[in-house]
Structure formats: C-alpha cells, structure tokens
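Have a look at the structure below before the remarks.
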Amino acid sequence: MHQYLFFIGSFPIRAYGLLFMLGIISAGITAYYIMKRDGRGWHIHIFDFTMWCGIAGIVGGRLWDVLFFDWAYYHNHIAEIPFVWQGGMAIQGGLLFGAAAGILYTRRYKIDTWAFGDLLAPAIILGQSVGRMANLMNGDAFGHPTGGNFGIVYPDTTLAHHTYGSQPLWPAEVWEGQIDILVFVALLFYSSFPHKKGQVFCLYIMLYAIERFFLEFLRGDYVSLTLGFKSAQMTSLIAFGIAAAVFLYLQFRGTPDTHDTPHQ
C-alpha cells in the first residue's frame with residue numbers, strides 16, 4: 003500500500019483523497035444509472051445532489067471522527083481539524099449530514115424523498131465500499147492484533163503502525179468493503195419486488211448497522227466504550243432500532259411504490 007501516489011512539485015497526491023473522491027463519484031454514477039433506468043427523470047438532479055451531499059458528508063464525517071473518536075488528539079491540535087486529506091472520517095457523521103442535505107435538496111425540488119432514497123441506497127453502499135479502499139491505503143480504520151502470524155502489517159508511515167507496530171492486524175476495513183458489496187446486491191434484489199416507499203433505504207440502514215456492529219469487535223483504531231460497547235456500536239444499535247421501526251411503520255401505513263420502470 004502507498005499513502006502517496008506521486009508528487010506534483012512538493013504537493014503530495016494521496017491515495018486516501020483520490021479513492022475517497024472516487025467513492026463519491028462511483029456512488030453518483032451508479033445513482034444516475036439506476037434513476038435513469040427508473041424513468042422518473044430524477045437522474046438530471048444526481049450530479050448536483052451528489053455534490054451537495056458529498057460536501058455535507060465530508061464535513062459531517064470529519065466532525066464526527068474528531069468529536070467522538072479522536073478528540074483526545076484534536077483538542078490539542080485544533081488547527082488540524084480541516085486536514086481531511088490526512089485521513090480520519092467517520093461514516094456515521096457522513097451519512098447523517100449527507101442525509102440531512104439530501105432531504106433539504108429533495109424538498110427544494112419537490113422530489114418524493116422516500117422514493118428517491120430507495121433508488122439512492124444501493125449507490126450509497128457501493129460508494130462506501132470504494133471508500134474503505136481509501137482507508138486501507140491510508141492505514142486507518144484498521145483492526146486490532148490477530149495474535150498470530152496472519153493479518154495485515156502496515157508500513158511504518160501509517161497510524162496503524164504507530165499504534166501497534168509490526169503486529170499483524172485484522173483486515174477490518176477490507177472485510178467491511180467486501181460486505182458492502184453484498185449489501186449492494188441485497189438492496190438491488192429487494193428493490194425488484196413490491197415494497198413501500200422508503201423501505202429499501204431503511205433496509206440499507208439496518209444491514210449496514212448489523213455489519214458495522216459486528217465488525218467493530220475487530221477494529222483496533224479506538225477503544226472508548228459506552229455501556230460496554232464502542233461508540234460506533236452504540237450508534238449502530240440506535241440506527242438499527244430507528245430504521246426497523248420506520249420499516250415496520252411503512253409496511254402498514256406507507257405508500258406502495260407502484261412506479262413502472264421502462265424495462266419492466
């Protein structure tokens with residue numbers, strides 16, 4: 003793995019930043035394809051939507067990481083908080099801020115928010131998968147030591163090496179990216195059957211919450227606990243509970259998504 007791909011003069015082109023942006027672009031292109039196939043004309047909004055939600059997601063992801071995961075460091079290095087190219091982004095904050103920006107955008111242009119979110123959900127999880135490639139190349143979001151002679155040994159320039167040295171670590175970020183692809187497939191499959199508006203998006207939240215909850219047992223980049231769980235696990239439990247409740251509410255009180263796409 004290489005944190006720096008090349009230099010333009012003295013300015014480094016980081017693998018993290020490039021792959022992070024590719025994650026956002028991949029999500030946008032996938033959403034464009036899905037929505038164009040859907041036929042409601044919402045694909046014309048995707049690139050503006052992706053830009054605004056991407057900016058909000060970057061701000062939210064950075065603030066969440068700084069405040070909940072790395073405040074012990076950043077309260078003494080306030081000036082470094084905007085340095086997102088160094089790594090340190092929390093997907094929970096990115097999703098929360100990105101979702102808020104998305105809701106505001108759909109209301110501004112009078113788009114059905116629930117139906118739009120259902121079409122967008124598979125694209126989001128695919129973008130997250132690419133984002134985990136960025137974490138791998140940067141040596142963050144890493145696992146704790148495996149206790150054996152198997153695992154990832156990170157270069158000495160990474161946070162993972164600074165934390166655990168040359169010990170082999172669980173490939174937590176790699177497995178998360180791979181499971182994200184399975185969630186992507188599951189969402190596409192579920193969306194091909196009759197459902198209520200909003201249920202695909204709720205299913206995305208539930209599946210990712212389950213995935214993240216169990217993978218946190220392997221993560222070694224922070225150890226702060228709340229009621230015996232890491233902060234990301236507590237967030238996952240809360241997110242799963244809310245999404246499951248909304249999913250059930252929509253099942254009984256929601257509006258069926260009866261839109262007929264051109265290819266059906």
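Counted from 1, the sequence shown has number 215 at position 213 by my numbering; the numbering is strictly sequential.
The beta carbon of each residue, even a glycine, is placed where N, CA and C say it ideally should be.
In this structure, DSSP gives Lys-199 a state outside helix and strand, which the three-state scheme calls coil. Collapsing the DSSP output to three states places Lys-38 in a helix. Residue ranges of uninterrupted beta strand (DSSP E) with 3 or more members are absent from the stretch 108-143; none lies entirely inside it. In the structure shown, the three-state DSSP call for Tyr-156 is coil. In the three-state reduction of the DSSP assignment, Gly-256 falls in the coil class, being assigned neither a helical nor a strand state. The beta carbons of Phe-249 and Leu-239 sit no closer together than 9 angstroms. In this structure, Trp-172 sits near Gly-153, with a CB-CB distance shorter than 9 angstroms.
Judged by DSSP secondary structure, Arg-64 falls within the alpha helix (DSSP H) whose first and last residues are 48-66.
Listed as beta-bridge partners of Gly-11 by DSSP are no residues whatsoever. Rounded to whole angstroms, Ala-102 and Asp-120 show a C-alpha spacing of 15 angstroms.
Counting only the Cα atoms, Leu-97 lies some 13 angstroms from Thr-52. By the criterion of a C-beta distance shorter than 6 angstroms, Phe-186 is surrounded in its chain by Pro-124, Ile-127 and Leu-128, once the five residues flanking it on both sides are discounted. Counting only the Cα atoms, Gly-43 lies some 45 angstroms from Ser-12.
Listed in chain order, the non-local C-beta contacts of Ala-136 below 6 angstroms within the same chain comprise Tyr-18, Leu-21 and Phe-22, local neighbours out to five positions each way being set aside. For the pair of segments examined, the stretch 101-116 was found to touch the stretch 55-66: the number of CB pairs separated by less than 8 angstroms reaches three. If you draw a straight line from the Cα of Thr-159 to the Cα of Gly-167, it is about 10 angstroms long. Taking Pro-84 as reference, the option from Asp-67, Leu-24, Gln-94 and Ile-93 with the minimal CA-CA separation is Asp-67. If you draw a straight line from the Cα of Ala-245 to the Cα of Met-208, it comes to about 6 angstroms. By the beta-carbon neighbour count (other beta carbons within 10 angstroms, threshold 16), Tyr-34 is buried. Around the Cβ of Ile-48, a 10 Å sphere holds 16 or more other Cβ atoms; the residue is buried. According to the DSSP assignment, Gly-179 belongs to the alpha helix (DSSP H) that extends over 174-193. By the Cβ-count criterion, Leu-122 is buried, with 16 or more other Cβ atoms from all chains shown falling within 10 Å of its own Cβ.
Excluding the 5 residues flanking it on each side, Phe-254 has no same chain C-beta neighbour closer than 6 angstroms. Residues of the same chain with a CB within less than 7 angstroms of the CB of Ile-36, apart from the 5 flanking positions on each side, are Leu-121, Pro-124 and Ala-125 in chain order. Counting along the chain, Leu-161 sits inside the alpha helix (DSSP H) bounded by residues 161-166. Nearest C-alpha to Leu-220 among Gly-256, Leu-106, Glu-175 and Phe-8: Glu-175.
Residue pairing from DSSP leaves Tyr-251 without any beta-bridge partner.
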